[in-house]
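Peer 1: Taking the numbering used here, I'd label the letters of the sequence shown as residues 21 to 316.
We put the beta carbon where it would ideally sit given N, CA and C, even for glycine.
This one's a predicted model, so the numbers in the text were calculated from it and none came from an experiment.
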Amino acid sequence: MATKRRGLRRYGTLILPIVGAMLAIFGALWVGIIFPSIDKMPADYERTLYFDGTFSVVNPATMSMDSFPVEQTLAQEAVGTEGGALLIHEVRTVVNAATGDDISAIYGDESTLAIDAHSLEFMSEVDERGRWGQFGPPRPLGVGDSFTLWHPGAQQALTANYVSKENFRGLGVLVFEIDESAIPIGTDPQSGMELYLSPKVTLWIEPSSGTVVNQTSETVTSIDMMGTMVPVQIASVQYAEETIVDLMGTAGSARTMLLWFRTLLPWITIGVGAVLVITSVAIVAVTRVRLREVRV
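1. Should Arg-189 be labelled buried (16 or more other beta-carbon atoms within 10 Å of its own) or exposed?
2. Within the stretch 168 to 195, note down every full beta strand (DSSP E) run reaching 3 residues or more, in order along the chain.
3. Return helix, strand or coil for Gly-73, following the three-state DSSP convention.
4. Helix, strand or coil, according to DSSP, for Thr-263 in the structure here?
5. Going along the chain, which residues of its own chain have a beta-carbon closer than 6 Å to the beta-carbon of Met-249, five neighbours each way excluded?
6. So, helix, strand or coil for Ser-124, using DSSP?
7. Please classify Asn-234 as buried or exposed, where buried requires at least 16 neighbouring CB atoms within 10 angstroms.
8. Less than 8 Å between the C-beta atoms of Phe-196 and Leu-223, yes or no?
9. Between the stretch 105 to 122 and the stretch 130 to 142, do three or more beta carbon pairs fall short of 8 Å?
10. Just tell me which of Leu-94, Pro-80, Asn-79 has its CA closest to the CA of Arg-67.
11. Please look up how many angstroms separate the CB atoms of Ala-105 and Asp-136, rounded, as I've assumed it's under 8 Å.
12. With DSSP run on the structure shown, which of helix, strand or coil describes Pro-251?
13. Under 7 Å Cβ to Cβ from Glu-262, same chain only, skipping five residues before and after it: list those, please.
14. Take Thr-239 as the anchor and find which of Met-246, Val-252, Asp-208, Ser-229 has the nearest alpha-carbon.
15. Which residues mark the beginning and the end of the beta strand (DSSP E) in which Phe-155 is found?
16. Does the beta-carbon distance from Pro-158 to Gly-103 come in below 8 Å?
17. My guess is that Leu-161 and Ile-225 are in contact by the Cβ rule of under 8 Å, so how many angstroms apart are they, rounded?
18. Can you list, in chain order, the residues of its chain whose CB lies under 7 Å from that of Asp-199, leaving out five sequence neighbours each side?
19. Over what stretch of residues does the beta strand (DSSP E) that includes Arg-112 continue unbroken?
Put into structure tokens, the structure is as follows:
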């Protein structure tokens, strides 16, 4: 009987370090290789974002600004892959909220974006417009970070700088801001004058998932009249309430999932593995001491 127990103990001291080492190795592989490979935008990605706000456009007859409320819809859908990039078909429609007229022919847009599904960076060599920078914020984000985000009006990537850390509707977020002035964007087709864009975009971002839970934007288009910038269009828009509510839910779920699968579970696995290895070493050491005592 004693011999059988000793055999079981020896078997246990052999198995424990093996299992512990396997758990620790798996945890390390999960953190370094496995999770990063699956942490990406899904191939069936589909999202619709709604905005509301105001457009102000110069009236040539009165040379004053006429303002009207607008509603924007940005529909995005993954449509395939090409050259390692995820292709996303994007359609922006704009409606005059006062009249119900669809003014997308003037202010809308439609194109197919090519992005890296892992980093969310544009793949300019594949993208039909050669876009660069980020399609969405990188993740995770930290205090003091910055990143370049593609701005369709400026037709270039602009730097979003860290502003502050806030609590947005009970969710911890980081606030980033794009604030640029007088970016040349070509000439006015009617007057032939040079056009300049001055965008200011504020983003409230859940840092773990990179989800933008709120966004406001004011974009001023101006012409240079003898050294003086004269606004000809001002677009002020922000996420509609239904989009904020939807993205708050997305951010909360993503944050919880990432907390468990990116941080807690792998490190718990590594920790358990380390404990098993240390325990087996301790058991062997104690057993050897006892054997020496018995022999003495």
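Peer 2: To lay it out plainly:
1. Classification of Arg-189: exposed, given that the 10 Å Cβ count is below 16.
2. If only uninterrupted beta strand (DSSP E) runs of at least 3 residues are considered, those enclosed by the stretch 168 to 195 are 176 to 188.
3. Residue state for Gly-73 is assigned as strand, using DSSP reduced to three classes.
4. Thr-263: helix per DSSP, three-state reduction.
5. Spatial neighbours of Met-249 in its own chain (CB-CB distance under 6 Å, excluding positions within 5 residues in sequence) are listed in chain order as Ser-242.
6. Ser-124: helix per DSSP, three-state reduction.
7. Buried, since its Cβ has 16 or more Cβ neighbours within 10 Å.
8. A contact, by the Cβ cut-off of 8 Å.
9. Touching, yes.
10. Arg-67 has its Cα closest to that of Leu-94, out of Leu-94, Pro-80, Asn-79.
11. Taking the Cβ atoms as the reference, Ala-105 lies roughly 7 Å from Asp-136, within the contact range of under 8 Å.
12. Assigned with DSSP and collapsed to three states, Pro-251 falls in strand.
13. If we look at Glu-262 and ignore the five residues flanking it on each side, its Cβ neighbours are Tyr-70.
14. Among Met-246, Val-252, Asp-208, Ser-229, the Cα nearest to that of Thr-239 belongs to Val-252.
15. Element bounds for Phe-155: n/a, residue is neither H nor E.
16. Contact: no.
17. Indeed, because the Cβ distance is near 6 Å, the residues count as touching under 8 Å.
18. Within the same chain, Asp-199 has close Cβ partners Lys-220.
19. Element bounds for Arg-112: 105 to 116.
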